[in-house]
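Colleague:
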Amino acid sequence: MEQRHLKMTESFGVIVVMFLILGTLIIKYKMSPQIPILCVFTLLLFYGRLRGFTWEQVIDGIAEGIKPGIIPMMIFMMIGLLISTWLASGTIATIMVIGFDLVSVKFFIPTVFLACGIVGIIVGNAFTTISTLGLAFMGIGHVLGFSDAMTAGAVVAGGFLGNNLSPLSDTSNLTTSLIGNRVPEHLKNTAKSAIPAAIAAAVIYAVIGFKNINADLSRVDVISSALKSSFHVGAWSLLPILVLLVMSLRQVPAIPTLLAGSFTALVLTKIWTPSLSFAQISSLLMNGFQMHGSKLLDSLMSGGGIAHMLNSIALILCALSMGGLLMKYGVVDQLLIALQKLVNTPFKLVLATIVSGVAVNVMIGEEYLSEILPGTAFKSAYEEQQLSQNMLTRSLVAGGADINPLVPWSVSGIFIAGTLSLHNYGYVAFTLYPLLNPLVTLLLAALPKSKKQQATA
Numbered sequence: 001m002e003q004r005h006l007k008m009t010e011s012f013g014v015i016v017v018m019f020l021i022l023g024t025l026i027i028k029y030k031m032s033p034q035i036p037i038l039c040v041f042t043l044l045l046f047y048g049r050l051r052g053f054t055w056e057q058v059i060d061g062i063a064e065g066i067k068p069g070i071i072p073m074m075i076f077m078m079i080g081l082l083i084s085t086w087l088a089s090g091t092i093a094t095i096m097v098i099g100f101d102l103v104s105v106k107f108f109i110p111t112v113f114l115a116c117g118i119v120g121i122i123v124g125n126a127f128t129t130i131s132t133l134g135l136a137f138m139g140i141g142h143v144l145g146f147s148d149a150m151t152a153g154a155v156v157a158g159g160f161l162g163n164n165l166s167p168l169s170d171t172s173n174l175t176t177s178l179i180g181n182r183v184p185e186h187l188k189n190t191a192k193s194a195i196p197a198a199i200a201a202a203v204i205y206a207v208i209g210f211k212n213i214n215a216d217l218s219r220v221d222v223i224s225s226a227l228k229s230s231f232h233v234g235a236w237s238l239l240p241i242l243v244l245l246v247m248s249l250r251q252v253p254a255i256p257t258l259l260a261g262s263f264t265a266l267v268l269t270k271i272w273t274p275s276l277s278f279a280q281i282s283s284l285l286m287n288g289f290q291m292h293g294s295k296l297l298d299s300l301m302s303g304g305g306i307a308h309m310l311n312s313i314a315l316i317l318c319a320l321s322m323g324g325l326l327m328k329y330g331v332v333d334q335l336l337i338a339l340q341k342l343v344n345t346p347f348k349l350v351l352a353t354i355v356s357g358v359a360v361n362v363m364i365g366e367e368y369l370s371e372i373l374p375g376t377a378f379k380s381a382y383e384e385q386q387l388s389q390n391m392l393t394r395s396l397v398a399g400g401a402d403i404n405p406l407v408p409w410s411v412s413g414i415f416i417a418g419t420l421s422l423h424n425y426g427y428v429a430f431t432l433y434p435l436l437n438p439l440v441t442l443l444l445a446a447l448p449k450s451k452k453q454q455a456t457a
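Residue numbers for the sequence shown, in UniProt numbering: 1 to 457.
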């Protein structure tokens, strides 16, 4: 069957119309992303048929678009289980009580960022960090009087900092296997931009956190006492965290790791509450943990469950289906071809790599593709200019992994909003590390270097 694709001018027209529709409906009319994306998907579906693509090709594009999201969607469901069981077992409550005792109110926001960054490096998965430690920090921040958006921004920034610098992360292993360099070399090079960006983010967090202190410490004591009386708070409740860390360090894949963490918490829940029936366990796993009888804790300590993640999964299906059609019609390829023509200097090459990653994230919403497609497109250009492969993988991270959590309809953006129960995307303005790292990466590319330095940069 003849391979069809739209021409470059037409492809750019499609991109402009898509952005206009999404921007108008999401930003101006404040719609949830599902309906705007469904509108764009519907238009793309029939536009492709009008332009001569067969229904078989159109459906194939949808299927290919959804394929990379199957594992993330399974992970979403596992995280729904993890949240509900960790709430029920007292794991989240224990972390919060410890946090109230240890964390300084003045430096709460930078502490959140750095703690999530360290755990992210150990665990190697931003989603796991956000859904465990991040969720506990959200509760602490809420009680201390910090805005949910500010706390969420620090959580997400820390999670993705850890994801970028961890030898266990999918990001590190995907980019190095794609380009052909070694993980230690890649991480050492990535740190050249990541560490300055992280330091700058921590300083800014300290400033804005200090200016936004509105903590009622008497309320903190009341909440802490309520948690201790309503949940089993103690060392045993931290066992699911230990299981999660051990399995992560042994490089067990995310799905079995999350299941093990959930099962451990479920066993503890049954021990703490022997009267818990199988029907109640089923409801806990499906509908999440529901706190009743405490005005202070009912909304703060309820959540999780498979059903809680279904809205996010529906959005992923719509977004990846839309991205699959853009891939099938050749729109993404035409954009990359246009950018390839502009890369006659190292700075322009790095800029084009990052812009390509941003564009793929916005159009397709899938992190892996935002690294694979630009990496494949620009690998030969880096070789021709005798630039280090590590410079390429660092640029792929800056435009791919860093940007994905900032796009509302991306896999990461959907996960963050669903897991942290955010009703808008205001957290993006506070997600400083992913915003700063691409800028630092560009700054490093702009600095004058000798040929020898470029080959090892």
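Where is the CB? At the ideal position from N, CA and C, for every residue including glycine.
1) Taking 7 Å as the CB-CB cut-off, is Gly-261 touching chain C?
2) Going by the beta-carbon positions, is the gap between Val-155 and Phe-127 smaller than 7 Å?
3) For the alpha helix (DSSP H) that Ile-403 lies in, which residues bound it at each end?
4) Taking only the alpha-carbon atoms, compute the straight-line gap between Ile-15 and Ile-37 and give it to the nearest angstrom.
5) Do Thr-353 and Ser-395 have their CB atoms nearer than 7 Å?
6) Quick one: what does DSSP say Phe-263 is sitting in, helix, strand or coil?
7) Less than 6 Å separating the Cβ of Leu-161 from some heavy atom of the ligand MN?
8) Under 7 Å, do Met-33 and Ile-26 count as touching if we go by C-beta distance?
9) Here's a check: name, in chain order, each residue in its chain whose Cβ is nearer than 8 Å to the Cβ of Pro-184, leaving out the five neighbours to either side.
10) DSSP three-state call for Phe-146: helix, strand or coil?
11) Looking at the structure shown, is Phe-289 part of a helix, part of a strand, or coil, going by DSSP?
12) Quick one: Cα of Phe-146 to Cα of Gly-61, how far?
13) Rounding to the nearest angstrom, what Cα-Cα distance links Thr-393 and Pro-274 in this structure?
14) Would you call Ile-199 buried or exposed, if buried means 16 or more other Cβ atoms sit within 10 Å of its Cβ?
15) The alpha helix (DSSP H) with Gly-426 in it runs from where to where?
16) State buried or exposed for Gly-158, treating a residue as buried only when at least 16 other CB atoms are found within 10 Å of its CB.
17) According to the Cβ coordinates, are Ser-312 and Gly-418 closer than 7 Å?
18) Could you tell me which residues DSSP pairs with Gly-303 in its beta bridges?
19) Taking the straight line between their C-alpha atoms, what separation do you get for Gly-52 and His-5?
20) Determine, using beta carbons only, whether Thr-171 and His-186 come nearer to each other than 7 Å.
21) Is Arg-182 helix, strand or coil when you go by DSSP?
22) Figure out for me which residue from Met-247, Val-358 and Val-105 has the closest Cα to the Cα of Asn-212.
23) Buried or exposed: where does Met-1 fall if 16 or more other Cβ atoms within 10 Å of its Cβ makes it buried?
24) How would you write the range of the alpha helix (DSSP H) that Arg-49 sits in, first residue to last?
25) Please report the distance separating the alpha-carbon of Asn-163 from that of Ala-307.
26) What alpha helix (DSSP H) runs, 4 residues minimum, are completely inside the region 321-371?
27) Could you give the distance in angstroms between the alpha-carbon of Phe-41 and the alpha-carbon of Met-363?
28) Between which residues of its own chain and Leu-297 is the CB-CB distance below 8 Å, once the five residues before and five after are set aside?
29) Quick check on Asp-101: does DSSP put it in helix, strand or coil?
Modeller: Based on what the coordinates show:
1) The displayed structure is made up of one protein chain only, and chain C is not part of it.
2) The count along the sequence shown starts at 1 and reaches residue 155 at position 155. The count along the sequence shown starts at 1 and reaches residue 127 at position 127. Contact: no.
3) Taking the first residue of the sequence shown as position 1, residue 403 is located at position 403. Per DSSP, Ile-403 belongs to no alpha helix (DSSP H) and is neither H nor E.
4) Residue numbering aside, residue 15 sits at position 15 when the sequence shown is read from its first letter. Residue numbering aside, residue 37 sits at position 37 when the sequence shown is read from its first letter. Their Cα atoms are separated by approximately 13 Å.
5) Here the question's residue 353 lines up with position 353 in the sequence shown. Here the question's residue 395 lines up with position 395 in the sequence shown. Yes, the pair counts as a contact, with Cβ atoms nearer than the cut-off.
6) In the sequence shown, residue 263 corresponds to position 263, counting from 1. DSSP places Phe-263 in helix when its eight states are reduced to three.
7) The model on display carries no ligand, and the ligand MN is accordingly not part of it.
8) Translated into the one-based positions of the sequence shown, residue 33 becomes position 33. Translated into the one-based positions of the sequence shown, residue 26 becomes position 26. Just to set this straight, residue 33 is Pro in the shown sequence, not Met. A contact, by the Cβ cut-off of 7 Å.
9) Within the sequence shown, residue 184 is the residue found at index 184, counting from 1. Same-chain partners within the cutoff: Pro-167.
10) One-based indexing of the sequence shown puts residue 146 at position 146. Residue state, collapsed to three classes: coil.
11) Position 289 of the sequence shown, counted from the first residue, corresponds to residue 289. Strand at Phe-289.
12) Within the sequence shown, residue 146 is the residue found at index 146, counting from 1. Within the sequence shown, residue 61 is the residue found at index 61, counting from 1. The straight-line gap from Cα to Cα measures roughly 44 Å.
13) Looking up residue 393 in the sequence shown gives position 393. Looking up residue 274 in the sequence shown gives position 274. Computed Cα separation, rounded: 51 Å.
14) To locate residue 199, count along the sequence shown from 1; it is residue 199. Exposed, by the Cβ-count rule.
15) Within the sequence shown, the letter at position 426 stands for residue 426. Element bounds for Gly-426: n/a, residue is neither H nor E.
16) Within the sequence shown, residue 158 is the residue found at index 158, counting from 1. That one is buried.
17) By 1-based counting over the sequence shown, the position of residue 312 is 312. By 1-based counting over the sequence shown, the position of residue 418 is 418. Yes, they are a contact pair.
18) Counting from 1 along the sequence shown, the entry for residue 303 is found at position 303. Beta-bridge pairing links Gly-303 to Phe-289.
19) As a working mapping, residue 52 is identified with position 52 in the sequence shown. As a working mapping, residue 5 is identified with position 5 in the sequence shown. The alpha-carbon atoms of Gly-52 and His-5 are separated by roughly 10 Å.
20) Looking up residue 171 in the sequence shown gives position 171. Looking up residue 186 in the sequence shown gives position 186. Their beta carbons are not under 7 Å apart, which means Thr-171 does not touch His-186 by this criterion.
21) As a first step, residue 182 must be located in the sequence shown, where it is residue number 182. Of the three classes helix, strand and coil, the one that applies to Arg-182 here is coil, per DSSP.
22) Residue numbering aside, residue 212 sits at position 212 when the sequence shown is read from its first letter. Among Met-247, Val-358 and Val-105, the Cα nearest to that of Asn-212 belongs to Val-105.
23) Taking the sequence shown and counting its residues from 1, one reaches residue 1 at position 1. Model confidence at Met-1 stands at a pLDDT of 46, short of 50, so the residue's coordinates are unreliable; what they give is reported in the following sentence. Result: exposed.
24) On the sequence shown, residue 49 is found 49 positions in, with the first residue counted as 1. Unbroken alpha helix (DSSP H) run through Arg-49: 34-50.
25) The count along the sequence shown starts at 1 and reaches residue 163 at position 163. The count along the sequence shown starts at 1 and reaches residue 307 at position 307. Each residue's alpha carbon lies about 27 Å from the other.
26) 331-340 and 346-363
27) For the purposes of this step, residue 41 is identified with residue 41 of the sequence shown, where counting begins at 1. For the purposes of this step, residue 363 is identified with residue 363 of the sequence shown, where counting begins at 1. Whole-angstrom Cα-Cα distance: 11 Å.
28) Position 297 of the sequence shown, counting from 1, holds the residue named residue 297. Cβ neighbours of Leu-297 beyond the five flanking positions: Ile-223, Ala-226, Leu-227, Ser-230 and Met-291.
29) Numbered from its first residue, the sequence shown carries residue 101 at position 101. Correct three-state label for Asp-101: helix.
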